[in-house]
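As structure tokens, the structure follows; a few thoughts come after it.
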Amino acid sequence: MTSSSETHRSGFACFVGRPNAGKSTLTNSLVGTKVAITSSKPQTTRHAIRGIVHRPDAQLVIVDTPGLHRPRTLLGERLNDLVHETWSEVDVIGFCVPADQKIGPGDRHIAAELAKVARRTPVIGVVTKTDLVGRQRVAEQLVALQELMEFAEIVPVSAVDRFQVDLLSDLLVRQVPEGPQLYPDGEITDEPEESLISELVREAALEGVRDELPHSLAVAIDEMSPREGYDNLVDIYASLYVERSSQKAIVIGRSGERLKEVGETARRHIQALLGSKIFLDLQVKVAKEWQRDPKQLRKLGF
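Start counting the sequence shown at 1; every next residue gets the next number (full-length UniProt numbering).
Structural data, given as structure tokens:
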């Protein structure tokens, strides 16, 4: 018989919160490497990305979901559906509220939605971004969060300086069932390579652009294959889709400078992901109102 000290747990957790609550940064911090794209722009996560935390006593699969928000487009509706679907499938939910922002109507809306599932799925309250404020503000935020709903646990964390990230990992693991490993050692995500690469290109394109662009930007990998006659070179052809010609000009920049920077940044991250040299060809295309068009959403994988 196995002693309790040798018990192995495995299961699924997800983080929810309004856009830009620090969910993706926290996922990357727990996994120990970049699996979810992060950006100062809200609503950059568009897929439920699974990051895998390996521990001697447990394997925790973290599903990073888009931020829950009031949808204004068909894409927005589909992202919200994805969040609700994920809630029904995980063992534990972490509700993220940033320390540097007052709790608002968006947080209260999410808490009301979570209260419906809290009877069968434990919810842990997580105050994120504690590195941005003083102790007093963190304490006030913990009290404010506690008043929103009944939590299994409440914990303040900072993904940036790893404050209490290990404690959060322990609290999540405590809530998942006993079970064997679900993924082989060393695997950090079950996201297809092409999907990760398109996300890395999108992240690079989002840096330093105006607020109107993030929601209008999508990336598709058109072709990806090892170059013939080369051991260590992969050719990647990708298209960046925007909704208007004016946005296309923003992405390309003066004399193509902006697009060149996007390519250099994305190339660096993709090479680290694949462990090989890459040739990256980026084209910018206009797909009018793609966020509202079911046919185009399907084509772009939503």
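All C-beta atoms, glycine included, are put in the ideal place defined by N, C-alpha and C. Please read these numbers as outputs of a predicted model, since none were measured by experiment.
When Pro180, Gly106 and Arg55 are compared against Val16, the one with the closest alpha-carbon = Residue 16 sits at position 16 when you count from the first residue of the sequence shown. When only C-alpha atoms are compared, the closest one is Gly106.
With DSSP collapsed to three states, give me the class of Ser276.
-> Here residue 276 refers to the residue found at position 276 of the sequence shown. Ser276 falls in the coil class under three-state DSSP.
Asp166 (DSSP reduced to helix, strand or coil) = The sequence position of residue 166 within the sequence shown is 166, counting from 1. DSSP places Asp166 in helix when its eight states are reduced to three.
Buried or exposed (CB count within 10 angstroms, at least 16 for buried), Lys129 = Mapped onto the sequence shown, residue 129 falls at position 129. Per the 10 Å Cβ criterion, buried.
Contacts around Glu150, its chain only, beta-carbon distance under 7 Å, and the 5 residues preceding and following it disregarded = Reading the sequence shown from its first residue, position 150 is the one you call residue 150. Cβ within range, chain order: Ala118.
Runs of alpha helix (DSSP H) wholly within the region 86-145 (minimum 4 residues, chain order) = With a minimum length of 4 residues, the continuous alpha helix (DSSP H) runs that stay inside the region 86-145 are 105-117.
Leaving out the 5 sequence neighbours to the left and right, which residues in its chain are closer than 8 Å to Leu200 when beta-carbon positions are compared?
-> By one-based count along the sequence shown, residue 200 stands at place 200. Counting only Cβ-Cβ distances below 8 Å, and skipping sequence neighbours, we find Ile37, Ala266, His269, Ile270 and Leu273.
May I ask which residues mark the beginning and end of the alpha helix (DSSP H) holding Glu203?
-> On the sequence shown, residue 203 is found 203 positions in, with the first residue counted as 1. That run of the alpha helix (DSSP H) goes Glu193 to Leu206.
Tell me whether Gly51 sits in a helix, a strand or coil according to DSSP, three-state version.
-> Start at 1 with the first residue of the sequence shown, and residue 51 comes out as number 51. Of the three classes helix, strand and coil, the one that applies to Gly51 here is strand, per DSSP.
Can you tell me whether Arg46 is buried or exposed, with buried defined as 16 or more other CB within 10 angstroms of its CB?
-> By 1-based counting over the sequence shown, the position of residue 46 is 46. Note that Arg46 scores 41 on pLDDT, short of 50, meaning its location in the model is unreliable; the coordinates nonetheless yield the value given after this. By the 10 Å Cβ count, Arg46 comes out buried.
Under 8 Å between the Cβ atoms of Ser29 and Arg162?
-> Working through the sequence shown from its first residue, we reach residue 29 at position 29. Working through the sequence shown from its first residue, we reach residue 162 at position 162. Yes.
Near Asn232, what residues of its chain come up, given a Cβ to Cβ distance below 6 Å and the 5 sequence neighbours on each side ignored?
-> Your numbering for residue 232 matches position 232 in the sequence shown. Only Ser276 and Lys277 meet the Cβ criterion.
Classify Asp64 as buried or exposed, calling it buried when 16 or more other Cβ atoms lie within 10 Å of its own Cβ.
-> Start at 1 with the first residue of the sequence shown, and residue 64 comes out as number 64. Result: buried.
For Ala249, the three-state DSSP class (helix, strand or coil) = Indexing the sequence shown from 1 puts residue 249 at position 249. Note: Ala249 maps to helix in three-state DSSP.
Identify every residue that forms a DSSP beta bridge with Leu60.
-> For this step, residue 60 is matched to residue 60 along the sequence shown. Paired residues: Gly11 and Val53.
Leaving out five residues on either side along the sequence, give the residues of the same chain with a beta carbon under 7 Å from the beta carbon of Glu181.
-> As a first step, residue 181 must be located in the sequence shown, where it is residue number 181. A small fix is needed here, since residue 181 is Gln in this sequence, not Glu. The residues are Ser10 and Gln59.
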